[in-house]
Each structure stands twice: as C-alpha cells, then as structure tokens.
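Those protein sequences? They're chains A and B, same order as listed.
Quick note, the first sequence lines up with residues 2 to 266 if you use my numbering.
Quick note, the second sequence lines up with residues 129 to 567 if you use my numbering.
Beta carbons: idealized from backbone N, C-alpha and C, even for Gly.
Working notes, structure below.
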Amino acid sequence: MTAHRDTLAALKGTLARLERGAMPSASPHFSLGPAEFDAALGGGLARAALHEVFAESPAHGPAATGFALGLALRAAPSAPVVWVRQRMLDQEFGRPYGHGIAALGLDPGRLVLVRAKDAEAVLKATHDAARCGAVGVVLAEIWGAPKVLDLTASRRLSLAAAESGVTLIATRTAAEPAASAALSRWQVRAMASEAAEAGLPGLPAFLVTLLRHRAGIPQRDWPMEWDREHRRFRQRAALPRRLDALPGDRAATPQAPALPFRRAG
Amino acid sequence: MALEHDRDADRHFLERLADAADRYTPLVALEPPEGFVLDITGCAHLFGGEAALRRDLLQRLAGAGLTARATIAGTPEAASALARYATCERVPPGGEAVAVAPLPVAALGLDPAVALALTRAGLKTIGDLAARPGDILAARFGALLATRLRRVTGREDTRLTPRRAVAACMVERRFAEPVGRREDLLGTLGLILGTAGTTLEERGEGGRLFEASFFRTDGVVRRIAVETGEATRDGAALIRLFAEKMHLLDDPTDPGFGFDLIRLAVLRTEAQIQRQAQFDGRGEADRETVALIDRLVARFGRDSVVRLVDRHSHIPERAEAMRPAIAVGATMAWPAMRAARPLTRPLQLFDPPQPIETLAEVPDGPPATFHWRRTTHQIARAEGPERIATEWWRDGESALTRDYYCLEDREGRRFWVFRQGLYGTETTAPRWFVHGLFA
Numbered sequence: 002m003t004a005h006r007d008t009l010a011a012l013k014g015t016l017a018r019l020e021r022g023a024m025p026s027a028s029p030h031f032s033l034g035p036a037e038f039d040a041a042l043g044g045g046l047a048r049a050a051l052h053e054v055f056a057e058s059p060a061h062g063p064a065a066t067g068f069a070l071g072l073a074l075r076a077a078p079s080a081p082v083v084w085v086r087q088r089m090l091d092q093e094f095g096r097p098y099g100h101g102i103a104a105l106g107l108d109p110g111r112l113v114l115v116r117a118k119d120a121e122a123v124l125k126a127t128h129d130a131a132r133c134g135a136v137g138v139v140l141a142e143i144w145g146a147p148k149v150l151d152l153t154a155s156r157r158l159s160l161a162a163a164e165s166g167v168t169l170i171a172t173r174t175a176a177e178p179a180a181s182a183a184l185s186r187w188q189v190r191a192m193a194s195e196a197a198e199a200g201l202p203g204l205p206a207f208l209v210t211l212l213r214h215r216a217g218i219p220q221r222d223w224p225m226e227w228d229r230e231h232r233r234f235r236q237r238a239a240l241p242r243r244l245d246a247l248p249g250d251r252a253a254t255p256q257a258p259a260l261p262f263r264r265a266g
Numbered sequence: 129m130a131l132e133h134d135r136d137a138d139r140h141f142l143e144r145l146a147d148a149a150d151r152y153t154p155l156v157a158l159e160p161p162e163g164f165v166l167d168i169t170g171c172a173h174l175f176g177g178e179a180a181l182r183r184d185l186l187q188r189l190a191g192a193g194l195t196a197r198a199t200i201a202g203t204p205e206a207a208s209a210l211a212r213y214a215t216c217e218r219v220p221p222g223g224e225a226v227a228v229a230p231l232p233v234a235a236l237g238l239d240p241a242v243a244l245a246l247t248r249a250g251l252k253t254i255g256d257l258a259a260r261p262g263d264i265l266a267a268r269f270g271a272l273l274a275t276r277l278r279r280v281t282g283r284e285d286t287r288l289t290p291r292r293a294v295a296a297c298m299v300e301r302r303f304a305e306p307v308g309r310r311e312d313l314l315g316t317l318g319l320i321l322g323t324a325g326t327t328l329e330e331r332g333e334g335g336r337l338f339e340a341s342f343f344r345t346d347g348v349v350r351r352i353a354v355e356t357g358e359a360t361r362d363g364a365a366l367i368r369l370f371a372e373k374m375h376l377l378d379d380p381t382d383p384g385f386g387f388d389l390i391r392l393a394v395l396r397t398e399a400q401i402q403r404q405a406q407f408d409g410r411g412e413a414d415r416e417t418v419a420l421i422d423r424l425v426a427r428f429g430r431d432s433v434v435r436l437v438d439r440h441s442h443i444p445e446r447a448e449a450m451r452p453a454i455a456v457g458a459t460m461a462w463p464a465m466r467a468a469r470p471l472t473r474p475l476q477l478f479d480p481p482q483p484i485e486t487l488a489e490v491p492d493g494p495p496a497t498f499h500w501r502r503t504t505h506q507i508a509r510a511e512g513p514e515r516i517a518t519e520w521w522r523d524g525e526s527a528l529t530r531d532y533y534c535l536e537d538r539e540g541r542r543f544w545v546f547r548q549g550l551y552g553t554e555t556t557a558p559r560w561f562v563h564g565l566f567a
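This is the structure we're talking about:
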C-alpha cells in the first residue's frame, strides 16, 4: 500500500514539474523583444519582481502607461492582468479604453480593472493581487508622491511578488523617483514615431531611460517602439527622421555616394 | 414647542423597528403609519411560546421608550384590528369571529366614506356585518368589504408580503449574553457558515450572495453582505470575505451594547457543479482569480472591481462598458483583435470629451495646432478623418456627425480628436474635442 502511495507521489511530482515546464511563465526572466535589450539587461527582466515606470512629466503619462502595458504583455502573454488605477487618473488621462487596449495587443477579456480611490487603496489592492499566483501581471498606477508609498511599501510589494511569481509594474505620474525596493526603474517620454507611408503616424514610440537596476546595469537611453502585431518592443532609430526644415535658399545637397575608392595623386 | 409632522422620519423609525423585529421571524410587513405585522407561524416556540414572544417584544419596545400594543391572532387583519381597537393579548385559535364582533366597522381599515355609509345604515360593529349575507354587502359596498370581513373574522387566511425577500437558506445563532468582540462574532459566524454549507451541500447548491445580520441589544440591526463570483459553500473563504467588512459593525455612538443574535441568510443560490481538475492547472488558476476578485470586491466595493465589456456600438463611448467583475464572470468574449496598421483607438478615453481650440483647414482638414489645458500642441503628423455618424435612433435626427483624427504633436504625444458637425452642411462653426490619448 505504502509502495503504491510512494509511486503516486512520485508521479504527481513528475506531473507538477512537467506542468511548470509547459507553462511559459516558468522562466524567471521575460524578454523585451530585441536581443540587444535583453543582453544589456542580463537576459531580460525578472518576472517575480517589482518594476517602476516613471513618466518624465505628467504630459508623458499616457506614454508611460503604454510602455507599462507593453512590459505586461511581454511578461504575461496569456495570464490574467490586474490593472489597479487611482480614480483621479481617469480625469487626467481618461478611463482605460478596451478597444485601445486591444489595439496594443492585450485582450481586454483578461483584464481586471480595480478603480481605487487613493494611493493607499492602490497599494492594498496591488498587494492583494500580487499574492495571487494565478495572476500574471499587476499594473499599479499612482498619481503624485503620496506618503504611504515609501520604501517599506515597495519592499512589501517586492516580497509578495517574489513569493508568488507575479510581475508588478508600478506606473508613476507626477512623481520624482525616490528610494524604493524595485528591481528596475524606468523613465518614459513619448517620442515622434517613425512615419508610416505618406507621413501618417507610425507605431507608438517611446524614449525609455533605464534609471536604475539592482544588478548595477548602467543608466542608458533606449529609443523603442511597440510592435503590436508581434507584441514586442523594437529598437527605434535614435533620432526621429528629419522633421527640421531644409534650407530654403540653397538646393538640398545630396550626399556624394561613398565610393570604395580613394582619390590618389 | 411645536414641530412639523415629519412623515419621512416616522416612516424611517418604523422601518428601524421592523428591522429589529426581524429577530422573531423573517416575515415582517409594515402597516404604516404606525404598525407592523409579524408572521410568527412556527417561530413562537423559540421564544417560549406565543405569550412569551409577545411579552418580549413589548418589553423591548418599552425599553426603547415606546408605548405599544400587540395582539396575536390567526390572520394579519384580525391581529391588526384587535391591536388597534381592543385590548386583547391573544385570540385562541378559531376565536377571531367572536373576538372582533364588538369592534367598530372602522377596524376593517376601509375607506372612511364606506365606514360612514355603513354606520348610517345602522351597521356599527363588525358583528353586525358578519351577521348579514356577504354577497349583499359586496353588492352594496364593494367586494373589498366582503374580503376584509372574511379575513378579519378568520374565515379566509392570507400571507403577508414580507419587507425583505425570504432567503433560500437561513441559519441563526443566539447568545445568552450579548457579545461585542469582533473575533467572537466572526467565530460564531464561521460556525453558522458551516451549518449553512451543509444545508446547501445537501441540495447540491452553492451561494452567490450571503448576508449576515447582527442584532444589537438596543434594537439596531447591522447587515453585512458578501457576494462571490462563483457559487460557493466554502466557509473558510467566506469568513475571510466577511472579515474584510466587519468594520461596518463599528458605531462611534455605541456605548457598548453587544449583539445577541446573528443570522446568516443565503440570498441567492445556484447549482454548484463539481468540476474535475484539469491537467494544465487552468481550472485551479481560474478559481484563484475568481477568489481574488471576491476579496477585492469585499474590500473595495462591487463597482470598484470591473471588467471591460464590448457593447457593439460604433460610437466610441458606447462601444464598451465597465461591468462589475463579479457579475460578468471570468470569460468574456471580445472580438478578435484586428492588428490593422493604424492605431485606430486610443488607450484612454475621456468621458465626456474635452473641448479644445484648434486651427484647422476647412472643410475637413486635420488641425495644424490645437490648444488644450493651457498648452499649444504643434501637430507633426495627422491621420483622418474617420467619419462616425451618430445613432439617430438614440440621439435624434439633428445629432452632429463626428470626424475623428489621430494627431501626433512634435514631441510624439498622440491625441484622438474630433470635429463635431460637418462644415457647411451641419454647422458653420464646428466645435472640436479631444476624446482620447494614445500610448
């Protein structure tokens, strides 16, 4: 009888391992898309951790939200996403719009939206959701720099994420980066998009700055764009294509093609 | 000092008394302006008999500083008439006709005009009426009189319409001494939940909506409701949800009365299906998500935890709705995403749209600049218009067409703006609005 039980336990263990292996969230890191980004981050971003995304200024709040959603999509391709949002952000930027969320590549059907009245409620709800292992990503959006959001609060969130394996992404608008237990901290501003045909707006583009990473990765700027068809970030040319006017008094001088010859003698 | 008669306050007070009377039976009905009726069928023995129940009720009302009269009778109408027009504690079964006979006809609770007409006809008491053939009275004074008469004399029984819906499953626990500590209350509630769970299990059901009523000794009743996303009878999970809301029992004006009765009512039940565990662990994960939503709802309220639901309308603000997550369940169909080239819909939508000032080419060019929130935005790229006609069946024929543009300013910020009204045909001075922000 006990032999049977042992066999059963062993089989169950094997199954559990197989299941975990089959789930895409098994890897401790998620990739942003381009190999260059992941290499610079030491193999991608950690899943079971807290990441902070700051808007460079309140005007760039929507860009920060978009970048955070992109990260969420990279971290959890199919698991439920809990989006905790301070109510006043709805007045500032509008309410989350399902068709627009779908346009970025996230199925609104797997989104649970928590509308919290203040930062404290956002923290509580985020903590509750962070402890639930079935959730893929928790997005928390907070306006300003409330007192409740201190080092201790971020440490609690980080611990909860580490235990459950949930990815936490905190988006902060109208706030200056302060000491926190977050694994990585990003700053985002909107960037002129690479024009599609006929000068129409192209893919959403962000100028993303990695401000800080626990692993000591140096600060750097990344121009990125969100490729929603493949649900990945892409490198964006460092400078937007020329928007400045050409000189009017001279003919535009075409650059001489670089020939593989050298003028001699 | 004279005060104006405040009907609402009276009504409110009566409601509170009726709430407190809930402790005797779930079937309580109001008889405004000053009465209420209890259906104590099958409940009286819990209080030591009908006489003891009546004594207890009067004692509590006297404790609240009220002078009250109460009668126990076979039908609500008989009890109501006797309590108002006689001094009678309890009518022995079948004795209604005798007991109400000497009462004036006004005790029937009829229109004063009918009562007056009866008195003029020399029919002064209910006994006089009862001696006459019912069909003649009905022909002369209306069918209502005959019905009332039958009910008051106990010849026809009626059910009263309770104020509160009667629950599918109800369990209660009384304390000999009032209890005030929250832990003790929760502990007892846990026991009650266990009992209710057993009852539900026998029926193959689970509850979706649970309500715990806490009866305080001074007559105040506090109710805490907990809703779940799936039918459940899991006492441990439910008690955690109740624990989130126990602060509702706090009352700063409470000098330390305890609670002497807790009642749990399962207000909504559903068949609970036993699901087989799936190999990929999906079912388990779904259940965990549902439990998380229940917790969040208990903590932040039903309307704060929402899901977005597609609404099949082409008007942007009507194209979707926020619905309580607990009501829509875990799986919701959204149309398959079209990864079309332009980002046609913004990530965030203003409700209502925000007016802006623009400089745009007529008749239907995109804005070159616009002014919004004290900032002027220079437009670098624009796409549009996307024309969205109004829903004439809702907004009327004169509603203005909207032309939507996706704009990108020099800094790369993107806006979804629209012009309300077609230039020339619908209006000469169209207004512009920003309706959403893209990522």
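query                                                                                                              : result
A/S277 and A/A176 closer than 8 Å at C-beta                                                                        : The shown model of chain A, from 2 to 266, leaves out residue 277 of chain A, and the question about it has no answer.
Helix, strand or coil at B/Y533 according to DSSP, with G and I counted as helix                                   : strand
Which listed residue (B/E311, B/V299, B/A413) has its alpha carbon closest to that of B/I390                       : B/V299
Nearest to B/E305 (by Cα), restricted to the options B/G384, B/G318, B/V562                                        : B/G384
B/M129 burial status per 10 Å Cβ neighbour count (16 or more: buried)                                              : exposed
Contact under 8 Å by Cβ, A/R190 with A/L74                                                                         : no
Euclidean distance between Cα positions of B/G262 and B/R350                                                       : 47 Å
Proximity test, Cβ basis, 8 Å: A/D129 and chain B                                                                  : yes
The segment 504-523 of chain B: positions lying closer than 8 Å to chain A by Cβ                                   : A508, R509, A510, E511
Beta-bridge partners of A/V139, as assigned by DSSP                                                                : A/V83, A/L169
Sequence-distant residues of its chain with Cβ nearer than 7 Å to B/I367 (five each side left out)                 : L314, L317, G318, L321
Close Cβ partners of B/A211 (< 8 Å) along its chain, the five nearest in sequence each way excluded                : G163, R197, A198, T199
Among A/F94, A/M89, A/T127, the one whose alpha carbon lies nearest that of A/S155                                 : A/T127
Close-in-space but distant-in-sequence residues of the same chain around B/T360 (CB under 6 Å, 5 per side omitted) : G334
Of the residues B/S341, B/E143, B/A148, B/D147, the one placed nearest B/P160, counting alpha carbons only         : B/E143
Cutoff 8 Å; reference A/A163; Cβ partners in own chain excluding five residues on either side                      : A49, A50
Within the segment 327-409 of chain B, ranges of the beta strand (DSSP E) (whole runs, at least 3 residues)        : 333-344, 349-360, 387-399
Backbone CA spacing between B/L231 and B/L145 [nearest angstrom]                                                   : 27 Å
Residues near B/Q548 by beta carbon distance below 7 Å, same chain, minus five either side                         : L528, R530, P558, R559, F561
Collapsed DSSP secondary structure at A/S185 in the structure displayed                                            : strand
Contact set between B/T417 and chain A, taken where Cβ atoms lie within less than 8 Å                              : P81, V113, C133, A135, V136
Rounded C-alpha distance that separates B/A455 from B/A267                                                         : 53 Å
CB contact below 8 Å: A/T66 versus chain B                                                                         : yes
A/F55 (DSSP reduced to helix, strand or coil)                                                                      : strand
B/A499 (DSSP reduced to helix, strand or coil)                                                                     : It should be noted that the sequence gives His, not Ala, for residue 499 of chain B. Residue state, collapsed to three classes: strand.
Contact residues within the segment 187-201 of chain A, judged by C-beta distance below 8 Å to chain B             : R190, A191, M192, A193, S194, A196, A197, G200, L201
Whole-angstrom distance between A/S79 and A/G134, CA atom to CA atom                                               : 14 Å
Per-residue DSSP class, three states only, for B/R197                                                              : coil
Nearest-angstrom Cα separation, counted from A/D108 out to B/T356                                                  : 24 Å
Residues bridged to A/F38 [DSSP beta-bridge criterion]                                                             : DSSP output for A/F38 lists no bridge partner at all.
Enclosing alpha helix (DSSP H) for B/L210 [first to last residue]                                                  : 204-213
Closest residue to B/L535 among A/P202, A/A60, A/A146 (Cα-Cα distance)                                             : A/P202
Within-8 Å CB hit, A/R75 to chain B                                                                                : no
Distance between beta carbons of B/R396 and B/L328, contact taken as under 8 Å                                     : Not a contact, Cβ separation roughly 12 Å.
The segment 495-510 of chain B in contact with the segment 94-113 of chain A per 3-pair CB rule at 8 Å             : no
Short CB-CB distance (under 8 Å) between A/P109 and chain B                                                        : yes
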